[in-house]
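S.K.:
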Amino acid sequence: MDSGIGLLPAAAAVRRLRPDADLLLSNDPDGMPWGPRTPEDLTERAVAVALAAAEHRPQALIVACNTATVHALPAIRAALEPDIAVIGTVPAIKPAAAAGGKVAIWATPATTGSAYQRGLIRDFADGAEVTEVPCPGLADAVEHADPEAVDRAVSAAAALTPRDVRTVVLGCTHYELVEERIRAALDARGRAGLPPLVFHGSADAVAAQALRRVGARPAPDADRTGSLSVLLSGRPGQLPATALGYAEGRLLAAVASAR
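For the sequence shown, the positions run 4 to 262 when our numbering is used.
#1: For proline 243, which of helix, strand or coil comes out of DSSP?
#2: Determine which residues share a DSSP beta bridge with proline 112 and list them.
#3: According to the neighbour-count rule (16 or more other Cβ atoms, all chains shown, within 10 Å of its Cβ), is glutamine 120 buried or exposed?
#4: Distance, Cα to Cα, aspartate 143 vs valine 157?
#5: Would you mind sorting histidine 59 into buried or exposed? The rule is 16 or more other CB atoms within 10 Å of its CB.
#6: For alanine 100 versus alanine 131, is the C-beta spacing smaller than 7 Å?
#7: Who are the near neighbours of leucine 254 in its chain, counting only those whose CB is closer than 6 Å to its CB and skipping five residues on each side?
#8: Using only alpha-carbon positions, find the residue among Val181, Leu83, Thr170, Tyr249 that is nearest to arginine 194.
#9: Between glycine 237 and proline 137, what straight-line distance do the alpha-carbon atoms span, to the nearest angstrom?
#10: Under the rule that 16 or more other beta-carbon atoms within 10 Å means buried, what is arginine 21, buried or exposed?
#11: Would the beta-carbon of isoleucine 65 fall within 7 Å of that of valine 217?
#12: Quick one: what's got a C-beta closer than 6 Å to leucine 211's C-beta in the same chain, skipping five residues either side?
#13: Looking at C-alpha atoms only, which residue of Gly240, Phe127, Ala67, Gly122 is the closest neighbour of glycine 103?
#14: Measure how close the beta-carbons of serine 205 and threonine 115 come, nearest whole angstrom, since I'm counting them as under 8 Å.
#15: Between alanine 161 and the rest of its own chain, which residues show a CB-CB distance below 8 Å, the 5 nearest in sequence each way excluded?
#16: With H, G and I counted as helix, E and B as strand and the rest as coil, what does DSSP make of glutamate 84?
#17: Whole-angstrom Cβ separation of isoleucine 96 and isoleucine 124, contact assumed at under 8 Å?
#18: Between the stretch 103-112 and the stretch 73-92, do at least 3 Cβ pairs fall closer than 8 Å?
#19: Per DSSP, serine 232 is paired with what?
#20: Rounded to whole angstroms, what's the CA-CA distance from alanine 244 to alanine 82? Just pull it up for me.
#21: What are the boundary residues of the alpha helix (DSSP H) that valine 66 is part of?
#22: Judging by CA-CA distance, which residue of Pro239, Leu214, Leu235 is the nearest neighbour of alanine 13?
#23: Beta-carbon separation of leucine 54 and leucine 231 under 7 Å?
#24: What beta strand (DSSP E) runs, 3 residues minimum, are completely inside the stretch 135-200?
#25: Kindly indicate the opening and closing residues of the alpha helix (DSSP H) around aspartate 207.
#26: Excluding five sequence neighbours on each side, which residues of the same chain lie with their C-beta closer than 7 Å to the C-beta of valine 50?
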């Protein structure tokens with residue numbers, strides 16, 4: 004679940020690990036974007052999206068949104084667990100810092116500098132040199148599959164990122180859809196003599212955690228192809244056309260069309 008197509012990376016990661024998994028994508032086009040909402044309002048929207056998914060009796064629900072995880076995860080877990088395993092999405096600061104070197108965290112303006120993110124840095128990146136990079140407009144540009152707006156937002160954030168960072172944490176699930184554009188913008192600033200950038204998203208980790216929570220193991224060679232269903236603010240629908248602008252969306256759509 005997410006407000007929009009930020010759920011694509013996690014859904015695609017589950018599909019790659021378990022091609023036989025039946026996937027339900029629950030998002031909220033009527034209420035997006037969630038970022039500018041008050042925590043109380045965001046929680047109400049997120050719980051509604053979660054409850055719409057719960058009606059289909061999934062084994063697990065991935066909250067594929069950093070902002071919703073920050074504000075709404077306790078309420079979603081209170082509503083659904085223990086019947087449905089609920090997995091939140093946390094920026095991969097711990098593994099990024101463990102690798103050593105300078106770390107940049109790209110996140111939404113609301114998350115950058117927040118007590119939540121500062122707490123993660125304090126708890127998991129103590130001693131590492133961390134730069135918090137706000138990325139105004141990037142999630143919206145990705146959501147609307149607007150390449151020019153994406154490039155403008157990425158360029159602005161790249162200008163705030165130290166040239167010698169070694170690792171970049173993608174602190175918003177939408178950003179994982181444009182990782183290569185981010186890499187190109189950072190490389191264009193000049194990294195001669197430096198090792199290649201390492202990116203840390205959350206999709207693979209949350210997909211693996213979802214399987215663990217339901218007692219399943221990866222089976223990437225499974226013969227059966229799982230189904231794909233979509234809920235748009237609780238209503239049955241289709242993958243948004245903008246999803247097809249990204250490799251993850253095309254993967255999901257191709258599998259759905261093959262059934």
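Backbone N, C-alpha and C define an ideal beta-carbon position, used for all residues, glycine too.
Every value quoted in this text rests on a predicted model; they were computed, and no experiment measured them.
M.R.: Taking the geometry as given:
#1: In this structure, proline 243 counts as coil in the three-state DSSP scheme.
#2: Answer is none; proline 112 lacks a bridge partner.
#3: buried
#4: 12 Å
#5: exposed
#6: Closer than 7 Å, so yes.
#7: Ala15
#8: Thr170
#9: Distance from the CA atom of glycine 237 to the CA atom of proline 137, rounded to whole angstroms, is 31 Å.
#10: buried
#11: no
#12: With the sequence shown as reference, residue 211 is identified as alanine, and leucine is not the correct amino acid for it. Within the same chain, alanine 211 has no close Cβ partners at all.
#13: Of the residues Gly240, Phe127, Ala67, Gly122, the one whose Cα lies closest to the Cα of glycine 103 is Phe127.
#14: 16 Å between Cβ atoms; not a contact.
#15: Ile185, Ala188, Leu189, Ala191, Arg192
#16: coil
#17: 6 Å
#18: Cβ pair count under 8 Å is below three, so no.
#19: Leu27
#20: Alanine 244 and alanine 82: Cα-Cα distance of roughly 31 Å.
#21: Counting along the chain, valine 66 falls outside any alpha helix (DSSP H), and DSSP gives it neither H nor E.
#22: Leu214
#23: no
#24: Runs of beta strand (DSSP E) with 3 or more residues, each lying fully within the stretch 135-200, are found at 170-173, listed in chain order.
#25: 206-216
#26: Ala75, Ala78, Ile79, Ala82
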